[in-house]
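Everything on this sheet refers to the single structure shown next.
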Amino acid sequence: MKAATDNQNLTERIAHEIREKLVNGELAPGQRLSEAALSEALDISRNTLREVFRVLTKEGLLVHEPNKGVSVAVPDMASIIDIYRVRRMIECQALAQAYPMHPARALMHQAVADARRYSEAENWAEVGTANMAFHKAIVALADSERLNEMFSHLLAELRLAFGLLRDPHFLHAPYVEMNQHILQTFESSKPADAAAELHDYLVHSERIILAAYARQLAQTGLKTA
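Take any residue in the sequence shown, count from 1 to its spot, add 7: that is its number in the working numbering.
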């Protein structure tokens, strides 16, 4: 019984590690995953890795094709639209109903500071990672482990969509100041106003990504899973 529990915990931990790699942009959409190389890098058995692959495939983050193996999923436009719809539902409510002195605001401050530092260094991929951290901190305001876990899965899918566009400066630069402004509004005891700003922000972000994705689709004939 203990062995089965240990195996389940290991599977969950490795699945979390791979999700984090997706959120951090370390794995690209469409990238083939070598079972041998990944099991060695993660120091786990191939059987454990296959179970992890099954979990992440069920979540839509990986794709298994017979005779081709496992690769990172390529989001389609319908998935991107759905991701943003869910984001508006979760994030805006979390922000609107939160206490402005909630401890998670420290995480928001850290994410804003990181984004500013990376933008000054013109490290736009890391700006994107800091932006992800900012939005995770917003969801943390809701004090719900279920929402936190669900949102981590959502961010992994979203980072895959970002990875398709190959222009992190265009995608992430505008949101450094926007995040700062939302945080200031929130801390001014105006959570409803901050949520309204966030809603407009997410609508703007969705339009930019869909437009850029459509252009890339037209230019490359990209096929999605």
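We treat Cβ as the ideally placed atom computed from N, Cα and C, and that holds for glycine.
Here the structure is a predicted model, which is why all the values come from computation and not from measurement.
Where residue i falls: helix, strand or coil (DSSP)
| i | result |
| --- | --- |
| L102 | helix |
| M157 | helix |
| S151 | coil |
| E24 | helix |
| R39 | strand |
| G76 | strand |
| V134 | helix |
| V70 | strand |
| H176 | helix |
| H109 | coil |
Residue from the options with nearest C-alpha to residue i
| i | options | result |
| --- | --- | --- |
| L165 | H71, A219, M108, Y91 | Y91 |
| G32 | A85, Y182, W131 | W131 |
| F169 | V146, E133, N16 | E133 |
| A180 | A128, E156, H160 | A128 |
| N16 | E66, A113, R95, V62 | V62 |
| E213 | R26, I25, L190, R95 | R95 |
| R123 | A201, N138, L102, A111 | N138 |
| A221 | P82, A35, A144 | P82 |
| N186 | Q226, A144, A225 | A144 |
| L102 | I189, L217, E27, I51 | I189 |
| Y182 | V210, S52, F158, I97 | V210 |
Residue i to residue j span [Cα, whole Å]
| i | j | result |
| --- | --- | --- |
| D174 | I215 | 12 angstroms |
| Y208 | G76 | 38 angstroms |
| Q100 | Q117 | 22 angstroms |
| L45 | S151 | 32 angstroms |
| L40 | R57 | 11 angstroms |
| H71 | K197 | 46 angstroms |
| A35 | I25 | 12 angstroms |
Whole-angstrom C-beta distance between residue j and residue i, which should lie under 8 angstroms
| i | j | result |
| --- | --- | --- |
| T64 | T18 | Actually they do not touch by this definition, with Cβ atoms about 13 angstroms apart. |
| V59 | I21 | 5 angstroms |
| L171 | Q104 | 33 angstroms between Cβ atoms; not a contact. |
C-beta atoms of residue i and residue j nearer than 8 angstroms
| i | j | result |
| --- | --- | --- |
| E184 | T192 | no |
| L167 | A80 | yes |
| L29 | A163 | yes |
| S86 | Q38 | no |
| L148 | H176 | no |
| H142 | E66 | no |
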